[in-house]
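Notes follow the structure.
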Amino acid sequence: MSSQPTANGDIKQSRVGDISVVSVSGTVDMITAPKLEAAIGSAAEGAPSAVVIDFTAVEFLASAGMGVLVAAHGDLAPAVKLVVVADGPATSRPLKLVGIADVVDLYATLDEALAALQS
Amino acid sequence: MTEQGDSATFAKIGVVAGPELAAQIRQELAEWLRQNLLLDPEKSSDVLLAVYEALANAAEFAYVGAPQPGPMHVRAAYDDSAARLTVTVTDEGHWRVNDNDVPNVARGRGIPLMHALTDRTDIDSTASGTEVRLQWDHVAQNCGSRTT
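Residue numbers (the numbering used here), protein chains in the order written: chain P, 44 to 162; chain C, 463 to 610.
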């Protein structure tokens with residue numbers, strides 16, 4: 044992924060088989076968290092088996108974004124599984140510290156997430 | 463602009479509490495941290511997230527119901543004798559923790575995050591506002607940068 048981090052959360056959607064991938068870059072804070080929420084809703088409309096939120100290119104993740112993840116995870120269950128890809132001090136560390144990684148499956152890379160979902 | 467022997471400080475006083483300025487202050491604080499302190503990537507992320515969460519609480523909860531948002535104040539100071547970084551985020555409003563009709567600060571993860579990301583978090587709410595004090599110990603100063 045070569046996209047430059049942007050000040051606003053930049054969100055792209057893609058599909059891998061019946062899995063929707065929401066790729067986020069830049070900042071996920073009070074301002075951009077609603078965009079993430081909208082993107083997850085849009086990704087879920089195609090009736091995927093799972094939605095993967097990929098934070099690999101996120102350089103800042105605030106609790107506003109974490110709340111979106113947890114709410115979406117609950118809303119989509121049980122029909123659609125929501126998982127997160129995150130690695131590093133700005134993303135996976137706080138997700139683990141506040142226990143979200145205990146509720147939402149967390150993977151270090153997109154490949155690992157897809158492999159787990161497709162097995 | 464620190465001379466040798468001075469403790470570095472950062473201050474944003476009387477900023478209108480809101481999401482845009484919270485984001486801007488985070489960026490400015492990141493630059494101040496880079497110039498004045500030696501933080502590994504994990505601690506730097508911890509500081510910026512904890513401070514942002516305090517700003518976000520002020521932006522979201524301090525002035526609910528007010529005709530317009532009030533101010534928030536941020537001060538960061540490095541105590542070189544204690545190797546301690548202290549960041550204080552203050553507002554002059556009222557956080558609502560017991561009002562079930564509006565989303566309140568206790569339902570979010572901001573406060574647990576602040577406690578998890580710092581060595582010390584103190585939140586003092588009075589009728590005249592709230593002060594959040596965040597502290598990190600064992601912080602080294604960046605003595606390599608000399609700016610005039």
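From the three backbone atoms N, C-alpha and C, an ideal C-beta is built for every residue, glycine too.
Quiz prompt | CA nearest to the CA of P/V113, picked from P/L160, P/A144 and P/L153 | solution = Minimum Cα distance to P/V113 is reached at P/A144.
Quiz prompt | Start and end residues, alpha helix (DSSP H) containing P/G117 | solution = Here the alpha helix (DSSP H) through P/G117 covers S106 to L119.
Exercise. Using a Cβ-Cβ cut-off of 8 Å, state whether P/L140 counts as contacting chain C.
Key: Yes - at least one Cβ of chain C is within 8 Å of the one on P/L140.
Quiz item: What residues in the segment 529-557 of chain C have a beta carbon less than 9 Å from any beta carbon of chain P?
Solution: Of all residues in the segment 529-557 of chain C, none has a C-beta nearer than 9 Å to a C-beta of chain P.
Practice problem: Quick one: give me the first and last residue of the alpha helix (DSSP H) that C/A484 is part of. | Solution: From DSSP, the alpha helix (DSSP H) with C/A484 extends over P481 to N498.
Quiz prompt | Backbone CA spacing between P/A86 and P/V65 [nearest angstrom] | solution = The alpha-carbon separation between P/A86 and P/V65 amounts to approximately 7 Å.
Quiz item: P/R136 CB to nearest chain C CB: under 8 Å?
Solution: True, the Cβ-Cβ gap to chain C drops below 8 Å.
Quiz item: Can you find a CB in chain C that lies within less than 8 Å of the CB of P/D72?
Solution: With 8 Å as the cut-off, P/D72 counts as an interface residue toward chain C.
Quiz item: Roughly how many angstroms separate the alpha carbons of C/A544 and C/Y525, rounded to a whole number?
Solution: Approximately 35 Å, taken between the alpha carbons.
Quiz item: Considering only C-alpha positions, which residue in the set C/E522, C/E493, C/A485 and C/R595 is nearest to C/N604?
Solution: C/N604 has its Cα closest to that of C/E493, out of C/E522, C/E493, C/A485 and C/R595.
Quiz item: Rounded to the nearest angstrom, how far is the Cβ of P/V95 from that of P/V71, given a contact under 8 Å?
Solution: P/V95 to P/V71, Cβ: 15 Å. No contact.
Quiz item: Which residues in the same chain as P/S45 place their Cβ atom closer than 7 Å to its Cβ, once the five residues preceding and following it in sequence are excluded?
Solution: Residue placement at P/S45 is flagged as unreliable, the pLDDT there being 39, under the threshold of 50; a coordinate-derived value is accordingly withheld.
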